[in-house]
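Chains as they are written, first to last, in the numbering used here: chain A, 1 to 105; chain B, 1001 to 1195; chain C, 2001 to 2639.
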């Protein structure tokens, strides 16, 4: 079993996920939508770690450890984000981030 | 290429196609719940990629934590902040176009940078078999080559975020009741559970 | 440094102190007290100045050296380039100290009476003290920088005092005119100072500066070694001519004379003090002070001589036709300043008779011209008019004023043994000794003209019958005004016998002829007598006012249209063709650039604040875009 497909295929795939997530972050109006975009980006990062671990350093597992860390950070971030959204929704009855401009000045 | 290679390649593109479509749904769908489903599918496909790469353990972690935990959390967030029938008001076209352009530029630049770099692929055909044990050893390694300190920091981060989530999401009434010792009102238990 | 003169700084310091105290604390409360305190301070300064003069004369009976009595390093730029404030005592500064303090004291006393009814006299005495301080500071200045500062200060106090009656538009206009014209000249003076300082610095680099001296010190600039080195410098003539223009502005030489007649809008004692006796001679003093440097450039001295002689004649001719008594005196002052200037101009280092004669004339002129002005002030005070054709017959009603005015008239006409005779005689002698026959002829003619116009105003104002009701009812001035008149009359009588010329000679004097030909005093006296006689013949009959001027007399009465020429030049040429384009340039280009900077800042602020939308995603977009750009740059750099 040889290693297919090539590294470039994997890399482009994970970067595509990242770019799509980035687009979501930049274009969503709903805060939850933005959070989904962020999760996509984090996921692509984790995938990238594993890909490079597999292709460049198969005997080691540092990339896999990093993937675990990324998931942990993503989980922590999701918890806090959700708590904040709930609180914002309580006071504003909306999580539309384009209306959240009070801290502009 | 052997038949196995062909099979792997086929699965890669199949999964990749599904994941890409699902991720586009995740960022472009007007129904936020559908977007969450798209995200779940993407994450699940990623678990498939881990299997393809030979890291079965990671695929399991991905499914358990990501799909089973974070996505559920997001679904909770959606349900707490909007009705099921909630349709997102779209951003102005201008913003979406600019977002797309920036994302595309980012993609192009990153891929170009990747292509311009040289990577010495030292991949062995067979990945290590005892991944779970290896990861565990690395995480608890005290010799300095491992990740004991980051591991502890991450655990602290998780603890802090759990507590922070509780404190932030508590309803003002519950917080006020908590602050006054005379009234022994029940705490915002539901919020605590969701965290 | 003679410790015996260390207290000399008190002379200018006392009026300064008094100026501050009177101006800040006394004048707003009591104008009588203000006048008394101001006068007392000048009295103290006068006493000290006289003591200094006596002490100096005892120490250096034959003229002698210059000493720096007191000095204070003020601005230290570099070693050898330190601006100091100090007190320089040499024969001419001691002479001027005495003249300025005495005349100032008498004018202060006179003003106590003259300004008694004026509600603003507290302000008046404050300014008068300021002027006295500035003039004394100018006189004792040991370097050209201090002189320039005090030079401007006297200009300011002159401006303030000319415009003292600020309710009168003509006074305001006159004060502005005086200030602008002298300022205009001072610009050249300043450029001259810079050129001179530059050359002094060049010379200092080769010759070296003696210990305790600075480049700008007069003692350095006029030292023989410096002058010798300066004479080689090609710019010396330009520098000295520029300095001379400054001096000409202050001393109202043609063509910068136009401010002085108008300056008579100020109170009459001010005219006596500032515009006759002291400030206007500052230009003469400056040229005398720098005389060795001037002598290094024959051209500069020639300019001084020609301008002086021309002003002398020009002003005397105009004075013959003026009807305002103060204007006659003003043109007379111009004429006498012309005398002093051309006397300096004819002098040379080897034969400096003109130098001594000029300062001698400065000395005597201060007294009799102040006396004339103060007498005129007493008359104006009594008659309430400046026109001589509304006076007449005042001799009987104002006997003391009459006698003192007569003495002054004879003194300025140059009749022996009055003060003016000696000094004028010496000036004419200097012109002859140094072979300037044309200048001598002008001087002699002007002597006759002087006698004529002075005789004219004396005869018209004091003799004959009263020409107006107010002249009819005129009565003698108060004793406090008469006392200065009497003192000045005594000085006008006796000042000619003080051997000033022995005292102020230059060390370079090679013992040339110190006297003109023996016939000179007779000729000069004859010229003066002739002038008086002609005046008597023309004006002895009690005419009812002079006939309307016709023909060439209009030209004279209008002062050769010099004011009109100035107005034409400024309003028709300078304003539209020089000032207007500059103003346009300033308003549109300079201001435009300034406004553009401001507007640009504002506009960019508006534009940039658009970025501050509060839209999280806009920020994120910029952030990612920035990351991409930085990544590209980094990549490009790595490659």
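C-beta atoms are modelled at their ideal positions from N, C-alpha and C, and glycine is treated no differently.
If you're wondering where the values come from, they're calculated on a predicted model, not measured in any experiment.
Among the options, nearest to residue i - alpha-carbon criterion
| i | options | result |
| --- | --- | --- |
| residue 1136/B | 45/A, 86/A, 33/A and 60/A | 60/A |
| residue 1148/B | 1154/B, 1139/B and 1115/B | 1139/B |
| residue 26/A | 1151/B, 1130/B and 1104/B | 1104/B |
| residue 2140/C | 2171/C, 2389/C, 2107/C and 2096/C | 2096/C |
| residue 2448/C | 2227/C, 2302/C and 2332/C | 2332/C |
| residue 2024/C | 2122/C, 2157/C and 2094/C | 2122/C |
| residue 37/A | 1074/B, 1141/B and 1004/B | 1074/B |
| residue 93/A | 1038/B, 1159/B, 1082/B and 1006/B | 1082/B |
| residue 97/A | 2130/C, 2144/C, 2617/C and 2171/C | 2617/C |
| residue 2183/C | 2098/C, 2148/C and 2105/C | 2148/C |
| residue 2492/C | 2277/C, 2310/C, 2588/C and 2326/C | 2277/C |
| residue 2380/C | 2093/C, 2354/C, 2150/C and 2471/C | 2471/C |
| residue 2430/C | 2068/C, 2463/C and 2349/C | 2349/C |
| residue 2218/C | 2093/C, 2376/C and 2402/C | 2093/C |
| residue 1069/B | 82/A, 29/A and 47/A | 82/A |
| residue 1025/B | 1016/B, 1015/B, 1014/B and 1037/B | 1037/B |
| residue 2418/C | 2489/C, 2394/C and 2395/C | 2489/C |
| residue 1045/B | 1092/B, 1015/B, 1143/B and 1100/B | 1015/B |
Local Cβ density within 10 Å of residue i, reported as buried at 16 or more and exposed below that
| i | result |
| --- | --- |
| residue 8/A | exposed |
| residue 1168/B | buried |
| residue 2594/C | exposed |
| residue 2424/C | buried |
| residue 2346/C | buried |
| residue 103/A | exposed |
| residue 2003/C | Interpretation of residue 2003/C is limited by its pLDDT of 49, a score under 50 that renders its predicted location unreliable; no figure is taken from the coordinates. |
| residue 2125/C | buried |
| residue 1194/B | Residue placement at residue 1194/B cannot be trusted, given a pLDDT of 43 that sits under 50; the coordinates are not used to answer. |
| residue 2436/C | buried |
| residue 2473/C | exposed |
| residue 99/A | exposed |
| residue 2623/C | exposed |
| residue 1118/B | exposed |
| residue 2637/C | exposed |
| residue 1133/B | exposed |
Whether residue i touches residue j by CB criterion (9 angstroms)
| i | j | result |
| --- | --- | --- |
| residue 2495/C | residue 2367/C | yes |
| residue 2434/C | residue 2388/C | no |
| residue 2265/C | residue 2174/C | yes |
| residue 64/A | residue 1052/B | no |
| residue 2453/C | residue 2272/C | no |
| residue 2275/C | residue 2330/C | yes |
| residue 2291/C | residue 2245/C | no |
| residue 2501/C | residue 2360/C | yes |
| residue 2164/C | residue 2267/C | yes |
| residue 1039/B | residue 39/A | yes |
| residue 4/A | residue 1008/B | yes |
Residue i beta carbon near the ligand FAD (any heavy atom closer than 8 angstroms)
| i | result |
| --- | --- |
| residue 2204/C | Because no ligand of any kind appears in the structure shown, any question about the ligand FAD cannot be addressed here. |
Open item on the list: For the region 2367-2376 of chain C against the region 2432-2441 of chain C, do three or more pairs of beta-carbon atoms, one drawn from each stretch, fall closer than 8 angstroms, so that the two count as touching?
Closed with: Contact between the region 2367-2376 of chain C and the region 2432-2441 of chain C is absent: fewer than 3 CB-CB pairs across the two stretches fall below 8 angstroms.
When you check each C-beta in the region 14-30 of chain A against every C-beta of chain B, which residues fall closer than 9 angstroms? Under the 9 angstroms Cβ criterion, the region 14-30 of chain A contributes 14, 15, 16, 17, 18, 19, 20, 21, 22, 23, 24, 25, 26, 27, 28, 29 and 30.
Requested in this report: Please name the residues in the region 1108-1121 of chain B whose beta-carbon is closer than 8 angstroms to at least one beta-carbon of chain A, in chain order.
Outcome: Taking 8 angstroms as the upper bound on Cβ-Cβ separation, chain A lies near residues 1110, 1111, 1114, 1115, 1119, 1120 and 1121 of the region 1108-1121 of chain B.
*asked:* Below 8 angstroms, how does it come out for the region 2242-2253 of chain C and the region 2316-2324 of chain C: are there three or more Cβ pairs, yes or no?
replied: Because the criterion of three Cβ pairs below 8 angstroms is not met, the region 2242-2253 of chain C and the region 2316-2324 of chain C do not touch.
| Near-chain A residues of the region 1018-1043 of chain B (beta-carbon distance less than 9 angstroms), N- to C-terminal order | Listed by position along the chain: 1019, 1020, 1023, 1024, 1026, 1027, 1028, 1029, 1032, 1035, 1036, 1038, 1039, 1042 and 1043.
### Contact residues within the region 1126-1155 of chain B, judged by C-beta distance below 9 angstroms to chain A
In summary, the residues of the region 1126-1155 of chain B whose CB is separated from some CB of chain A by less than 9 angstroms are 1126, 1127, 1128, 1131, 1134, 1135, 1137, 1138, 1139, 1146, 1147, 1150, 1151, 1154 and 1155, in the order they occur in the chain.
For this session: Would you list, in chain order, the members of the region 2618-2633 of chain C that have their beta-carbon closer than 7 angstroms to a beta-carbon of chain B?
Result: Residues are counted here when their Cβ sits less than 7 angstroms from a Cβ of chain B; for the region 2618-2633 of chain C these are 2621, 2624, 2625, 2628, 2631 and 2632, given in chain order.
Margin query: If contact is defined by three or more beta carbon pairs under 8 angstroms, each pair taking one atom from either stretch, is the region 2251-2266 of chain C in contact with the region 2217-2229 of chain C?
Written below: Too few Cβ pairs lie closer than 8 angstroms, so no.
Examine the Cβ distances between the region 14-29 of chain A and the region 1117-1133 of chain B and report whether three or more of them are shorter than 8 angstroms. Fewer than three pairs of CB atoms, one per stretch, sit closer than 8 angstroms, so the region 14-29 of chain A makes no contact with the region 1117-1133 of chain B.
Problem - Touch test, the region 2292-2306 of chain C against the region 2399-2419 of chain C, Cβ-Cβ under 8 angstroms, three pairs minimum - result: Flag = no, the region 2292-2306 of chain C and the region 2399-2419 of chain C do not touch.
Residues of the region 90-103 of chain A with a CB closer than 8 angstroms to any CB of chain C: list them in chain order, please.
Answer in chain order: 97, 98, 100, 101, 102 and 103.
_Using 8 angstroms as the cut-off, can you tell me whether the region 2282-2289 of chain C makes contact with the region 2337-2346 of chain C, which would need three or more C-beta pairs spanning the two stretches below that distance?_
Segment contact: the region 2282-2289 of chain C against the region 2337-2346 of chain C, three or more CB-CB distances shorter than 8 angstroms; contact assigned.
Do the region 62-77 of chain A and the region 1153-1166 of chain B meet, that is, are 3 or more Cβ pairs less than 8 angstroms apart? They touch, by the three-pair rule.
Please identify, using Cβ separations under 9 angstroms, the residues of the region 69-90 of chain A that lie next to chain B, in order along the chain.
The region 69-90 of chain A vs chain B, Cβ under 9 angstroms: 69, 71, 72, 73, 74, 75, 76, 77, 78, 79, 80, 81, 82, 83, 84, 85, 86, 87, 88, 89 and 90.
Do three or more CB pairs link the region 2193-2202 of chain C to the region 2162-2182 of chain C at distances below 8 angstroms?
No: fewer than three Cβ pairs fall under 8 angstroms.
### Task
Could you tell me whether the region 2086-2106 of chain C touches the region 2155-2163 of chain C, where touching means 3 or more Cβ pairs closer than 8 angstroms?
Three or more Cβ pairs closer than 8 angstroms define a contact, and the region 2086-2106 of chain C falls short of that threshold against the region 2155-2163 of chain C.
task = Answer yes if the region 2390-2409 of chain C comes into contact with the region 2516-2525 of chain C, meaning at least three C-beta pairs across the two stretches below 8 angstroms, and no otherwise.
result = No: the two stretches stay apart, fewer than three of their Cβ pairs being nearer than 8 angstroms.
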